[in-house]
Each structure stands twice: as structure tokens, then as C-alpha cells.
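Asker: Let me give you the structure first, and then I'll get to my questions.
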Amino acid sequence: MTVRKISNQNRDFKGVWIPAKFWLDENLKPMEMLFLVEIDSLDSGDRGCFASNKHFSEFFGLTPGRCSQIIQSLQKKGYIKIEYVRDGKQIINRSIRVVSNLNTPVNKLKGGVKNAKGGYIENCKESNTDFSNTYINTTTTTLYIRRIKNQDMIQYLNSVDDELVEWITSETEKAPQPSQRYFESIVKRLMSINAMTVQDATKQDENPIPKIELIKLAD
């Protein structure tokens with residue numbers, strides 16, 4: 020069971036208030052309602068909530084995968100909107116907003132939670148293919164992840180920065196023949212050099228591994 024952890028932040032507010040429209044909404048599960056309140060309390064106003072799945076995992080005492088499922092559910096139901104901060108094609112951060120901001124007397128933490136990044140892939144006990152993520156919201160990435168059977172890869176992807184997985188997909192799709200094997204070969208290479216961020220993955224070594232070698236690493 021995941022232990023709840025409250026980070027030592029100066030969150031200067033006296034409490035939260037849940038509007039009746041959410042409290043009495045039969046379409047909202049209790050935990051989804053709490054996520055809405057937490058997202059709104061971290062909304063910096065002009066920039067939204069930048070909290071990562073790791074933050075929600077520690078705050079609510081849930082697995083990152085479960086948090087991802089809840090956020091994805093809220094997005095599908097239309098309660099939240101998710102925007103991605105990009106530098107070119109690279110995703111730098113994620114911003115979440117409650118579609119109709121909770122009208123609360125909360126004095127919000129200025130700036131919300133910035134650059135709070137963490138793992139998000141969870142090999143759920145109920146299903147080996149039950150992966151979900153709102154940071155990486157592309158069908159292609161989801162398909163690659165669902166096909167992974169190697170537990171070490173799953174644990175590795177669960178520990179790295181969110182945008183690194185998006186980068187792996189991007190690199191795979193640039194290949195002459197994108198495939199699951201190529202995707203996993205990149206993961207294996209990154210595991211071998213203990214890369215945790217896109218910056219780690221893109222460091223230019225004196226003797227970089229040619230792309231053809233990535234396929235060999237998958238064998």
C-alpha cells in the first residue's frame with residue numbers, strides 16, 4: 020500500500036470548499052472529487068496546476084498509475100483540461116485546469132507546484148496491460164507501453180521523467196521502420212546508461228551508439 024506523504028510546502032490556505040455541483044454530482048467518484056479540489060488548490064491562476072502524477076501519488080497515498088487513471092477519467096468526463104508546455108517537439112511540462120474553476124475562498128500557493136515531475140506507469144495487478152497516462156496522451160505511446168512484458172523496463176519507465184517516454188516514442192517514430200522492438204531497444208540503451216531525463220538521453224558521447232546498434236540491444 021502506498022504511504023501518503025505531504026511535502027513541506029508553504030501552502031497558505033485554511034481549507035478547501037467543495038461546491039454542491041461537484042458534491043452532488045453522481046458522475047463523480049469520491050476520489051475524483053478530491054482530485055478536482057487538489058488541482059484547483061494548486062492552480063496558479065494564469066498558468067494552471069503543474070503537479071506531476073508523483074505529487075498526486077504521494078499526496079493521496081495512491082500509486083502513480085492509479086493517479087494517472089483518475090486524471091484521465093476527469094479529462095474524458097470534461098471536468099479538467101490538460102495543456103502541454105513544449106520546447107519545439109519536446110514536452111517540458113503539463114498544466115491542468117478545472118474546466119469551471121472551483122469558486123473557493125482558498126488562498127492558493129503562488130505558482131502552484133512547478134516542475135514536479137515523476138513516474139507514472141504502473142503495472143496494475145488487475146491487468147498486465149492496464150497502463151494509462153495523461154502526460155503522454157498519444158495512442159502510439161500507449162500501444163508501445165501496453166506491449167511491454169519486461170518487468171525491469173516497466174520499473175525503469177515508472178522511475179524516469181515523464182517527457183523522456185515521449186522522447187522515446189518520438190525517436191522510435193523517426194526510424195525507417197518504427198516498431199515495438201525498436202522502442203524497447205531504445206529503452207534498453209537508456210537503462211544501460213541510467214538515463215533519467217531527456218538531457219541524459221541526448222548527451223553526446225565521444226562514441227555514441229549508432230542507431231543500428233539499438234536493434235542489436237533488443238536481442
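Take any residue in the sequence shown, note its place counting from 1, add 19, and you have its number in the numbering used here. Where a beta carbon is used, it is the ideal one built from N, C-alpha and C, also for glycine.
#1: Check whether the segment 49 to 57 and the segment 101 to 113 are in contact - that is, three or more C-beta pairs closer than 8 Å.
#2: DSSP three-state call for Asn112: helix, strand or coil?
#3: Tell me whether Thr221 is buried or exposed, calling it buried when 16 or more other Cβ atoms sit within 10 Å of its Cβ.
#4: State the start and end residues of the unbroken beta strand (DSSP E) segment that holds Arg85.
#5: Give me the DSSP bridge partner(s) of Glu102.
#6: May I ask which residues mark the beginning and end of the alpha helix (DSSP H) holding Gln170?
#7: Would you give the residue range spanned by the alpha helix (DSSP H) that Gln196 belongs to?
#8: Excluding the 5 residues preceding and the 5 following Gly67 in the sequence, name in chain order all residues of the same chain whose CB lies nearer than 8 Å to its CB.
#9: If I measure Cβ to Cβ from Glu190 and keep anything under 8 Å in the same chain, skipping five residues before and after, which residues do I get?
#10: Would you check if the distance between the CB atom of Lys24 and the CB atom of Glu77 is smaller than 7 Å?
#11: From this set, Ala214, Asn177 and Gln218, which residue's C-alpha is nearest Thr82's C-alpha?
Answerer: Let's see:
#1: no
#2: strand
#3: exposed
#4: Careful: Arg85 lies outside any beta strand (DSSP E), inside the alpha helix (DSSP H) at Pro83 to Lys96.
#5: Ser114
#6: Gln170 to Ser178
#7: Looking at the DSSP string, Gln196 is not in any alpha helix (DSSP H), and its letter there is neither H nor E.
#8: Glu102, Ser114, Ile115, Arg116 and Gly131
#9: Ile205
#10: yes
#11: Asn177
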